[in-house]
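Below is one structure; the comments refer to it alone.
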Amino acid sequence: MRQLVHPGAIVPVRHEAVRTELKPVDGVLQKGEVFLAGMARVFAEAGCRGGFVNIEGGACDPFRYVLPAFSPDNDHAAWYSATFAPDAGGRFQAATAIFGERDGAPFLHCHGIWDTGEGALRMGHVLPFDSIVSEPIRVSGYGSKTATFDSIPDPETNFTLFSAKGESEPGNGILLRIRPNEDVAAVIEAVCGDLGIQHARIFGIGSINEPVFEDGRRVVCLATEIVIENGVVEKTADGLRATLDAAVVDTDGAIYHGRLVRGDNPVGVTFELVIVGQ
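Once you know that position 11 of the sequence shown is 16 in our numbering, the rest is easy, because the numbers rise by one and skip nothing.
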């Protein structure tokens with residue numbers, strides 16, 4: 006597969022996986038809450054340290070987000086756009102937030118699709134400190150009481166990124182982080198096989214270097230942001246198979262949907278996933 010060259014030394018271990026017991030996380034972000042603060046409250050009320058939620062409906066105003074962008078220098082392989090601040094705020098169509106911590110405080114990473122009143126849907130990366138809930142936002146997902154995602158400096162990419170953190174224990178799920186240039190589906194299949202999960206739903210966000218869909222379409226852009234819209238791993242006669250339907254946004258803001266082809270979708274910067282066994 007194609008390789009995205011990062012500024013730091015390549016880390017030998019190419020993914021981090023923690024098996025854990027996952028429980029439902031459900032709640033509503035209330036009007037006037039900072040997006041991150043509302044999410045932290047919902048996870049605290051569920052007694053969970055880390056996990057994910059899906060977001061459907063509700064709105065933020067002000068709403069701030071960024072797109073992926075090419076790096077302006079050699080310090081990173083990819084970067085972020087200037088901040089978008091739509092006058093009408095943002096009404097969520099669908100999004101996924103990975104929740105964890107940074108420097109001991111709540112933190113999250115959220116990609117999604119929203120309506121900003123500009124005549125076409127937009128997609129990108131939510132700025133969670135700068136977005137304020139203007140209409141209640143319902144969220145639902147799964148979290149762990151013992152495992153989390155910890156945002157720490159990553160010398161390989163020169164970013165501060167979520168890393169799966171915790172001691173593996175018997176449980177119905179996995180928190181997983183995949184490093185650059187590893188095929189997303191292949192790692193999911195290998196991790197599920199190693200940890201004994203044969204049927205599961207897959208939730209997550211990240212980046213892929215030139216995503217390729219099963220129908221042959223290719224997003225010719227090394228800097229993208231991805232959200233898994235529907236993901237499963239199943240046991241087949243040929244072994245475990247991960248099927249990933251995803252939404253993709255490129256540096257121009259163009260949005261694509263499709264099923265990612267197995268074996269030709271290498272992570273760009275990082276990919277964070279929660280795998281919920283069935």
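The C-beta atom is built at its ideal place from N, Cα and C for all residues, glycine as well. Computed from a predicted model, the values in this text were never measured in an experiment.
What residue from the options has the CA that sits closest to residue i's CA?
i: Gly13; options: Ala82, Gly117 and Thr101; result: Ala82
i: Ser139; options: Val196, Arg69 and Thr248; result: Arg69
i: Asp108; options: Glu174, Phe154 and Val33; result: Phe154
i: Asn59; options: Gly244, Glu219 and Arg206; result: Arg206
i: Asp220; options: Leu200, Arg143 and Asp250; result: Asp250
i: Arg222; options: Leu200, Val253 and Gly236; result: Val253
i: Phe97; options: His116, Arg184 and Ala42; result: His116
i: Cys53; options: Val237, Leu180, Asp120 and Gly211; result: Leu180
i: His114; options: Gly211, Thr241 and Leu265; result: Gly211
Could you confirm whether any beta carbon from chain B is found closer than 8 Å to the beta carbon of residue i?
i: Gly221; result: Any reference to chain B falls outside this structure, which holds one protein chain only.
Measure the alpha-carbon distance for residue i versus residue j and round it to whole angstroms.
i: Phe57; j: Phe112; result: 12 Å
i: Pro29; j: Val272; result: 28 Å
i: Asn61; j: Ser145; result: The displayed chain sequence assigns Glu, not Asn, to residue 61. Cα to Cα, Glu61 sits roughly 9 Å from Ser145.
i: Cys197; j: Ser173; result: 13 Å
i: Pro141; j: Gly32; result: 10 Å
i: Ala152; j: Ala90; result: 34 Å
i: Asp199; j: Ala22; result: 10 Å
Contact check, residue i vs residue j under 8 Å by CB: the rounded distance?
i: Ala64; j: Gly37; result: Actually they are not in contact, since the Cβ atoms of Ala64 and Gly37 sit about 12 Å apart, beyond 8 Å.
i: Phe48; j: Ile103; result: Their Cβ separation, rounded to whole angstroms, is 11 Å, which puts Phe48 and Ile103 out of contact at 8 Å.
i: His20; j: Arg246; result: Not quite, the Cβ-Cβ distance comes to about 18 Å (not below 8 Å), so this is no contact.
i: Val224; j: Tyr261; result: 6 Å
i: Gly209; j: Val279; result: 6 Å
i: Leu41; j: Leu227; result: That pair is no contact at about 29 Å.
With 16 as the cutoff for other CB atoms within 10 Å, does residue i come out buried or exposed?
i: Asp188; result: buried
i: Glu215; result: buried
i: Asp80; result: exposed
i: Thr229; result: buried
Between residue i and the rest of its own chain, which residues show a CB-CB distance below 6 Å, the 5 nearest in sequence each way excluded?
i: Pro158; result: Thr165
Within its chain, find whatever has a CB closer than 8 Å to the CB of residue i; leave out the 5 residues flanking it on each side and keep chain order.
i: Gln283; result: His204, Ala205 and Arg206
i: Ala93; result: Asp66, Thr121, Gly122 and Glu123
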